[in-house]
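Numbering (my numbering), first residue to last: 27 to 260.
Positions of the beta carbon are idealized from the N, C-alpha and C atoms, including for glycine.
Below is one structure, written out as structure tokens; the observations come after it.
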């Protein structure tokens, strides 16, 4: 009857299929697994408490929320937008390509930019919109959503494809340890070196995609911008 100990997996599958509360489903699955494994309810609570305490650093991300609120409250976002508005020749595609380069360079030196919530939402995405509005004037809501998605995607690309370019990154050490356990003599340096060309290829692909995106915006809004400029000159 050892198979009964897999009841927790069944509970999770059923709970997710019927869209029950995720936390409740996971806790119920853990409790059921503990009880059928001979662990008492008190011991289960003790294990749950120990797991929470040992992983309490995971909840530190909540501290970033007041930080984001403070930066926006005191105008960091507005100042970043003003900086972009002064750069007349900057397009949203060029700005995102520049950010992609900075993101990969930060990954190479293991500098954590912190991603979507802490960096993209309060800074990069508003700066991308400012570049678009400075270049083309008012743009449609549909294109604003595209700028938001492209900003988030650029951060994901830079993080995913450049995170293993640092020799002591967690991913590099995991790969090296796994390969070593399988009998392959692979060093962390070799893994990082193999990751660099991938990061460069992705940088070129993202830059090319951004160029095409700029051309689409230019084709859509360029004529409108030229007409407005002509009217202002008259």
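Proximity to residue 222 across 154, 120, 243, 191 peaks at 191, based on C-alpha coordinates. Taking C-beta atoms as the reference points, residue 198 and residue 220 fail to come closer than 7 Å. Around residue 153, the same chain offers 106, 107, 110, 121 as residues with beta carbons nearer than 7 Å, after the five sequence neighbours per side are excluded. When C-alpha distances from residue 162 are compared across 72, 73, 46, 241, the shortest belongs to 241. Close CB contacts of residue 142 within its chain, under the 7 Å cut and outside five residues either way in sequence, are with 178, 181 (chain order). In the three-state reduction of the DSSP assignment, residue 210 falls in the coil class, being assigned neither a helical nor a strand state. Contact check for residue 227 against residue 201 fails: the beta carbons are separated by 7 Å or more. Per the coordinates, the alpha-carbon of residue 49 lies some 12 Å from the alpha-carbon of residue 37. For the 7 Å CB-CB criterion, residue 118 and residue 157 form a contact.
Between the C-alpha atoms of residue 212 and residue 135 there is a straight-line separation of about 21 Å.
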